[in-house]
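Protein chains in written order, with my numbering: chain W, 113 to 459; chain R, 113 to 459; chain S, 113 to 459. We put the CB at the ideal spot given by N, CA and C, even for glycine. The structure under discussion appears below in the form of structure tokens.
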Amino acid sequence: MLFSQLLETLKLGDAILKEYKINDDPNINEGASIEKAIENQISFLEKGSYLTNKLEETKASALLLPNDEMLIKQATQLKFSWAIFEDPRLAFAETLDLLNPKLSPYIGVHKTAVIGENVILGEDVSIGANVFIGNNSKIGSKSIIHPGVVIYEKVKIGKNNELHSNCVIHSKSILRDNCIVHANAVIGSEGFGFVPTKKGWRKMPQTGSVVIEQDVEIGCSTTIDRPAVGETRIGAGTKIDNLVQVGHGVHIGKGCAMASQVGIAGGAKIGNGVILAGQVGIANRVKVGDNVIASSKCGITKDVPSGTVVSGFPAIPNKLWLRCYASFKKLPELVKSIQEMKPKKAT
Amino acid sequence: MLFSQLLETLKLGDAILKEYKINDDPNINEGASIEKAIENQISFLEKGSYLTNKLEETKASALLLPNDEMLIKQATQLKFSWAIFEDPRLAFAETLDLLNPKLSPYIGVHKTAVIGENVILGEDVSIGANVFIGNNSKIGSKSIIHPGVVIYEKVKIGKNNELHSNCVIHSKSILRDNCIVHANAVIGSEGFGFVPTKKGWRKMPQTGSVVIEQDVEIGCSTTIDRPAVGETRIGAGTKIDNLVQVGHGVHIGKGCAMASQVGIAGGAKIGNGVILAGQVGIANRVKVGDNVIASSKCGITKDVPSGTVVSGFPAIPNKLWLRCYASFKKLPELVKSIQEMKPKKAT
Amino acid sequence: MLFSQLLETLKLGDAILKEYKINDDPNINEGASIEKAIENQISFLEKGSYLTNKLEETKASALLLPNDEMLIKQATQLKFSWAIFEDPRLAFAETLDLLNPKLSPYIGVHKTAVIGENVILGEDVSIGANVFIGNNSKIGSKSIIHPGVVIYEKVKIGKNNELHSNCVIHSKSILRDNCIVHANAVIGSEGFGFVPTKKGWRKMPQTGSVVIEQDVEIGCSTTIDRPAVGETRIGAGTKIDNLVQVGHGVHIGKGCAMASQVGIAGGAKIGNGVILAGQVGIANRVKVGDNVIASSKCGITKDVPSGTVVSGFPAIPNKLWLRCYASFKKLPELVKSIQEMKPKKAT
Numbered sequence: 113m114l115f116s117q118l119l120e121t122l123k124l125g126d127a128i129l130k131e132y133k134i135n136d137d138p139n140i141n142e143g144a145s146i147e148k149a150i151e152n153q154i155s156f157l158e159k160g161s162y163l164t165n166k167l168e169e170t171k172a173s174a175l176l177l178p179n180d181e182m183l184i185k186q187a188t189q190l191k192f193s194w195a196i197f198e199d200p201r202l203a204f205a206e207t208l209d210l211l212n213p214k215l216s217p218y219i220g221v222h223k224t225a226v227i228g229e230n231v232i233l234g235e236d237v238s239i240g241a242n243v244f245i246g247n248n249s250k251i252g253s254k255s256i257i258h259p260g261v262v263i264y265e266k267v268k269i270g271k272n273n274e275l276h277s278n279c280v281i282h283s284k285s286i287l288r289d290n291c292i293v294h295a296n297a298v299i300g301s302e303g304f305g306f307v308p309t310k311k312g313w314r315k316m317p318q319t320g321s322v323v324i325e326q327d328v329e330i331g332c333s334t335t336i337d338r339p340a341v342g343e344t345r346i347g348a349g350t351k352i353d354n355l356v357q358v359g360h361g362v363h364i365g366k367g368c369a370m371a372s373q374v375g376i377a378g379g380a381k382i383g384n385g386v387i388l389a390g391q392v393g394i395a396n397r398v399k400v401g402d403n404v405i406a407s408s409k410c411g412i413t414k415d416v417p418s419g420t421v422v423s424g425f426p427a428i429p430n431k432l433w434l435r436c437y438a439s440f441k442k443l444p445e446l447v448k449s450i451q452e453m454k455p456k457k458a459t
Numbered sequence: 113m114l115f116s117q118l119l120e121t122l123k124l125g126d127a128i129l130k131e132y133k134i135n136d137d138p139n140i141n142e143g144a145s146i147e148k149a150i151e152n153q154i155s156f157l158e159k160g161s162y163l164t165n166k167l168e169e170t171k172a173s174a175l176l177l178p179n180d181e182m183l184i185k186q187a188t189q190l191k192f193s194w195a196i197f198e199d200p201r202l203a204f205a206e207t208l209d210l211l212n213p214k215l216s217p218y219i220g221v222h223k224t225a226v227i228g229e230n231v232i233l234g235e236d237v238s239i240g241a242n243v244f245i246g247n248n249s250k251i252g253s254k255s256i257i258h259p260g261v262v263i264y265e266k267v268k269i270g271k272n273n274e275l276h277s278n279c280v281i282h283s284k285s286i287l288r289d290n291c292i293v294h295a296n297a298v299i300g301s302e303g304f305g306f307v308p309t310k311k312g313w314r315k316m317p318q319t320g321s322v323v324i325e326q327d328v329e330i331g332c333s334t335t336i337d338r339p340a341v342g343e344t345r346i347g348a349g350t351k352i353d354n355l356v357q358v359g360h361g362v363h364i365g366k367g368c369a370m371a372s373q374v375g376i377a378g379g380a381k382i383g384n385g386v387i388l389a390g391q392v393g394i395a396n397r398v399k400v401g402d403n404v405i406a407s408s409k410c411g412i413t414k415d416v417p418s419g420t421v422v423s424g425f426p427a428i429p430n431k432l433w434l435r436c437y438a439s440f441k442k443l444p445e446l447v448k449s450i451q452e453m454k455p456k457k458a459t
Numbered sequence: 113m114l115f116s117q118l119l120e121t122l123k124l125g126d127a128i129l130k131e132y133k134i135n136d137d138p139n140i141n142e143g144a145s146i147e148k149a150i151e152n153q154i155s156f157l158e159k160g161s162y163l164t165n166k167l168e169e170t171k172a173s174a175l176l177l178p179n180d181e182m183l184i185k186q187a188t189q190l191k192f193s194w195a196i197f198e199d200p201r202l203a204f205a206e207t208l209d210l211l212n213p214k215l216s217p218y219i220g221v222h223k224t225a226v227i228g229e230n231v232i233l234g235e236d237v238s239i240g241a242n243v244f245i246g247n248n249s250k251i252g253s254k255s256i257i258h259p260g261v262v263i264y265e266k267v268k269i270g271k272n273n274e275l276h277s278n279c280v281i282h283s284k285s286i287l288r289d290n291c292i293v294h295a296n297a298v299i300g301s302e303g304f305g306f307v308p309t310k311k312g313w314r315k316m317p318q319t320g321s322v323v324i325e326q327d328v329e330i331g332c333s334t335t336i337d338r339p340a341v342g343e344t345r346i347g348a349g350t351k352i353d354n355l356v357q358v359g360h361g362v363h364i365g366k367g368c369a370m371a372s373q374v375g376i377a378g379g380a381k382i383g384n385g386v387i388l389a390g391q392v393g394i395a396n397r398v399k400v401g402d403n404v405i406a407s408s409k410c411g412i413t414k415d416v417p418s419g420t421v422v423s424g425f426p427a428i429p430n431k432l433w434l435r436c437y438a439s440f441k442k443l444p445e446l447v448k449s450i451q452e453m454k455p456k457k458a459t
């Protein structure tokens with residue numbers, strides 16, 4: 113695709129084009145990082161990026177740049193083709209989509225797929241090899257079910273979803289539209305609920321279900337349990353990374369992001385716009401307010417008010433934690449100071 | 113099911129019925145939490161539950177209650193149908209089972225299942241679509257193998273087990289009776305054992321096997337490795353949540369409960385009745401005594417005597433840890449106090 | 113196999129045989145730990161092992177021993193058949209391989225496997241039941257693909273690899289030779305990359321790929337993501353345990369070992385010979401030098417120079433951390449001391 117053609121399409125997108133300069137209209141085949149780019153590749157820079165000093169060395173044929181006078185001047189002198197965007201990262205995302213059109217990998221239903229009774233398949237669905245779909249389930253139009261996926265009974269999957277290979281969707285789960293479920297994820301599995309009795313742990317039947325709203329992404333090998341009664345719910349636009357545990361009855365709001373290996377225990381309520389970094393844990397029934405940010409490995413054991421940034425275990429406000437940790441590293445000195453100050457016993 | 117019919121069956125169960133009152137014998141279709149219940153649903157309350165104040169507002173048609181005079185009086189005034197149980201949570205579990213009878217989803221062996229040579233299938237097994245069972249394996253009667261499960265060679269699976277979709281059981285693994293293995297779990301995989309040599313890591317062959325005793329539950333995407341020699345063993349009645357790692361040669365006792373994302377390194381010995389909260393780690397070859405409780409995210413690096421509660425990393429007794437952590441949060445002040453106390457140098 | 117025959121073969125291996133004594137040339141069927149060994153089993157001891165005191169009680173028929181005069185004398189008196197090796201653990205590994213020859217479980221391509229267009233299969237491949245291989249992929253000679261594995265399009269798998277059941281290999285992934293991918297692992301999945309916009313998280317297309325060099329092992333349910341552009345790379349001879357997350361664009365060097373539940377965030381660069389213990393986390397774009405050792409549960413948030421041992425969160429040098437932690441446990445006393453030292457206010 114010529115750079116000029118690319119720009120024509122990007123003008124219609126969400127990353128606002130401000131200004132551009134085309135030198136010999138290069139052919140653009142692929143995106144690349146500014147450090148690794150070669151001829152016919154396009155790259156991007158953000159304002160204040162630690163990579164801006166790579167502009168001189170890059171072999172990229174075209175650049176998506178932020179509105180930064182210095183960079184524009186430099187790019188012009190170096191005779192790059194360039195374009196200024198309000199959000200160059202977003203422009204790069206749109207570029208990658210244009211350069212890599214997504215093909216539906218299978219057309220129709222593969223002959224080895226096993227489709228149960230009373231299953232409703234929407235128009236233009238792609239059902240891969242060895243897929244199993246249980247009785248009374250429904251797959252919305254344009255949804256892609258990759259090979260080896262298992263969908264139990266009475267599952268409702270909306271339009272334009274993509275389910276990657278070997279993921280498992282349990283009975284009565286609901287996925288709305290435009291969701292991606294990655295390979296080996298499990299949705300709607302039985303919550304970890306047991307009643308302690310004299311004879312040992314007695315299973316609490318898990319009769320609830322899981323609801324995944326639109327535009328949600330569920331990472332590889334992530335597990336989302338259903339509750340004893342009621343539902344587990346993931347809000348619209350929330351993105352969940354790999355190997356995350358979402359316990360039974362958890363409610364997650366809209367537009368959240370949860371990094372890999374986060375664990376959310378049963379009954380927790382997570383607000384909208386919450387960001388949980390890697391390996392964060394959240395205890396049973398805790399309430400996390402809107403727009404909370406929890407830094408990596410922290411453990412939230414009690415309610416966190418909206419808009420706060422928390423760290424450590426048990427989690428405390430991030431700024432306090434940073435000061436506590438700075439002192440923690442000086443503990444040996446501290447102990448020494450105290451011992452020196454102690455009044456010595458007469459010998 | 114009428115409430116009166118439900119009570120007749122519950123009388124035969126383990127939750128001891130003390131007293132009851134039926135008002136217009138409502139039809140009960142489903143269980144629900146007291147906050148969310150609607151007509152024709154049944155709910156429960158426990159002694160001292162934070163939900164007891166919801167009794168006035170609930171729309172539930174019937175209630176399972178603890179032996180609490182106040183609650184009984186209130187429920188009677190509000191004209192609920194109610195029943196008093198010694199353990200209302202257990203009564204609720206039994207109720208959910210009665211309202212949601214488990215149906216065997218497939219009858220016999222699905223035509224797409226691939227069954228190896230010399231495989232022995234018990235009576236009334238259900239083998240789903242695209243299941244693979246390796247040579248010389250054995251599936252006990254009434255066991256349900258959901259679609260996509262892979263069972264390697266020489267596996268012995270007892271009676272009345274349920275293996276959810278896409279889980280993998282490796283060669284020579286043994287599962288006794290009444291176990292549940294959730295979706296995408298892996299049992300009997302090769303332990304992580306290597307010999308450091310001048311040429312790099314040399315694989316230690318993992319020739320042992322895994323034994324899962326009766327009434328065990330293994331969570332989604334949980335992995336249980338086999339050892340180089342000998343066995344990894346999970347004791348009867350132990351319940352393991354999702355995404356848990358059980359290393360090679362680990363022995364876990366009876367009646368334990370392990371929450372999500374727990375990791376147990378090779379050769380650790382865990383006693384009976386041990387409870388490990390979420391994201392707990394246990395180091396190689398450590399011995400954890402009976403009835404130990406480890407709080408979330410703690411890391412056990414050396415032996416823990418029976419009956420203790422431990423926290424933190426490295427784990428220490430919970431009470432000590434709580435006091436240490438309380439002080440940790442005050443470290444910045446502490447440092448300031450010390451600096452103030454230091455004799456000032458003459459200027 | 114007679115002990116004498118076993119020794120003849122071990123002479124050709126990497127564990128250097130120093131000396132041996134055969135008593136009645138026992139038949140050796142299996143390996144076992146010295147504590148559990150019974151007749152016709154072989155066991156080993158290492159120098160300084162905590163198990164050397166078990167030599168007197170073991171029922172093993174033969175022993176692989178370190179060059180330790182005391183042990184040799186004792187073994188001779190007890191009339192064991194024994195052999196001294198420079199590295200008895202390595203000798204034991206080689207013995208287990210000899211006693212447990214690996215059989216290719218399937219010959220050729222199972223009739224239920226679904227093979228795409230333009231797929232190239234090397235000589236002597238074993239493709240199990242219900243395997244799916246996408247268009248334009250390539251499987252090298254002698255590779256074993258177990259039942260239920262899904263390989264997307266344009267994947268290149270070298271010689272002599274073993275892919276265990278239900279693992280998923282995404283498009284364009286490259287595996288060189290002699291790798292093992294364990295059950296339910298996912299390689300080449302989409303990295304967790306989103307652009308924050310006014311409309312919410314906008315997916316950054318993940319157009320890169322994953323390269324796994326030779327002799328790598330990938331644990332069960334481990335997930336290795338591909339990046340937006342460029343590659344994620346695992347160096348030759350690196351061994352990765354179960355439930356590990358390797359983020360998009362991560363580069364891991366050669367000969368590393370990563371224990372279970374380690375998480376490595378996007379863009380991190382890990383050197384050669386790095387050892388990460390269980391549940392370690394590494395933050396985005398951090399650089400970890402060669403031969404670094406990170407102890408369990410530690411969190412690396414900034415660059416770590418080669419050859420260091422780090423602990424804690426955020427990770428600091430291990431020795432400092434040990435001293436800090438020793439002080440942490442004394443914090444309550446410390447606080448008391450300080451309070452006692454404070455000048456009392458006049459009452």
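Checklist entry - Helix, strand or coil for R:Asp289 per DSSP? => result DSSP, reduced to helix, strand and coil, places R:Asp289 outside both helices and strands of the structure shown, so it counts as coil.
Next on the checklist: Strictly by DSSP, which residues pair up with W:Gln391?
Outcome noted: BP columns for W:Gln391 are empty, so no partner.
Item to check | Under 9 Å by beta carbon: chain W residues contacting R:Ser173 | outcome: Neighbours of R:Ser173 on chain W: none; closest Cβ ~14 Å, over 9 Å.
Checklist entry - My guess is that S:Phe425 and W:Lys409 are in contact by the Cβ rule of under 8 Å, so how many angstroms apart are they, rounded? => result Rounded to whole angstroms, the Cβ separation of S:Phe425 and W:Lys409 is 5 Å, and the two are in contact under 8 Å.
Checklist entry - Would a check of beta-carbon distances place R:Pro317 closer than 8 Å to chain S? => result It does: the Cβ of R:Pro317 has a partner Cβ on chain S nearer than 8 Å.
Checklist entry - What number of angstroms, rounded off, separates the C-alpha of S:Arg338 from the C-alpha of R:Lys254? => result Rounded to the nearest whole angstrom, the CA to CA distance from S:Arg338 to R:Lys254 is 43 Å.
Checklist entry - With 16 as the cutoff for other CB atoms within 10 Å, does W:Asn278 come out buried or exposed? => result By the 10 Å Cβ count, W:Asn278 comes out buried.
Next on the checklist: Under 8 Å, CB to CB, which of the residues in the segment 341-370 of chain W have a partner in chain R?
Outcome noted: Within the segment 341-370 of chain W, the residues whose Cβ lies closer than 8 Å to any Cβ of chain R are, in chain order, Val341, Gly342, Leu355, Gln357 and Gly359.
Checklist entry - In chain W, what lies closer than 8 Å to R:Lys148 by C-beta? => result From the beta-carbon of R:Lys148, the residues of chain W found nearer than 8 Å are Val341 and Gly342.
Next on the checklist: Taking only three categories from DSSP, how would you classify R:Gln447?
Outcome noted: Correcting the residue type first, residue 447 of chain R is Val in the shown sequence and not Gln. Residue state for R:Val447 is assigned as helix, using DSSP reduced to three classes.
Next on the checklist: Could you pull the DSSP bridge partners for S:Met370 from this structure?
Outcome noted: Bridge partners of S:Met370: S:Ile352 and S:Leu388.
Next on the checklist: Please list, in chain order, the chain R residues whose beta carbon lies closer than 8 Å to that of S:Arg201.
Outcome noted: Chain-ordered, the chain R residues with CB closer than 8 Å to the CB of S:Arg201 read Val307 and Met316.
Item to check | Which residues DSSP lists as bridging W:Tyr132, in chain order | outcome: Its beta-bridge partners are W:Ala195.
Checklist entry - Which partner residues does S:Phe306 have in the DSSP bridge list? => result Partner(s): S:Lys315.
Checklist entry - Closest Cβ-Cβ distance between W:Ala377 and chain R: below 8 Å? => result Yes, contact with chain R.
Checklist entry - Using the rule of at least 16 other Cβ atoms within 10 Å of the residue's Cβ for burial, across every protein chain shown, is W:Asn230 buried or exposed? => result The residue is exposed, with fewer than 16 neighbouring Cβ atoms inside 10 Å.
Item to check | Classification of R:Gly342 by the beta-carbon crowding that lies within 10 angstroms, buried from 16 upward | outcome: If you draw a 10 Å sphere on the C-beta of R:Gly342, you find 16 or more other C-beta atoms in it, and that means buried.
Checklist entry - Looking only at its own chain, which residues have a Cβ that is under 6 Å from the Cβ of R:Ile227, when we skip the five neighbours before and after it? => result Ile245.
Item to check | Proximity winner among R:Gln153, R:Thr224 and R:Ala225, relative to R:Phe192 (alpha-carbon distances) | outcome: Ranking R:Gln153, R:Thr224 and R:Ala225 by CA distance to the CA of R:Phe192 puts R:Gln153 first.
Checklist entry - Are at least three pairs of beta-carbons, each pair with one atom in the segment 281-290 of chain W and one in the segment 323-332 of chain S, less than 8 Å apart? => result Counting Cβ pairs under 8 Å, fewer than three are found: no touch.
Item to check | Selection of the segment 212-242 of chain W by Cβ proximity to chain R, strictly under 8 Å | outcome: Listed by position along the chain: Thr224, Val226 and Asn242.
Checklist entry - chain R partners of S:Ala295, CB-CB under 7 Å? => result Contacts between S:Ala295 and chain R, judged by CB atoms closer than 7 Å, involve Val280, Val298 and Ser301 in chain order.
Next on the checklist: What would DSSP say about R:Ile146, mapped onto helix, strand or coil?
Outcome noted: Note: R:Ile146 maps to coil in three-state DSSP.
Item to check | Contacts that S:Gly446 makes with chain W (C-beta to C-beta distance below 8 Å) | outcome: Before going further, note that residue 446 of chain S is Leu rather than Gly in the sequence given. Chain W residues near S:Leu446: Leu446, Val447 and Ile450.
Checklist entry - Using a C-beta to C-beta distance shorter than 9 Å, which residues of chain W count as neighbours of R:Asp126? => result In chain order: Thr309, Lys310, Lys311 and Arg314.
Item to check | 8 Å CB neighbourhood of W:Ser301 in its chain, flanking five on each side removed | outcome: Here the set comprises Val280, His282, Thr335, Ile336, Asp337 and Arg338.
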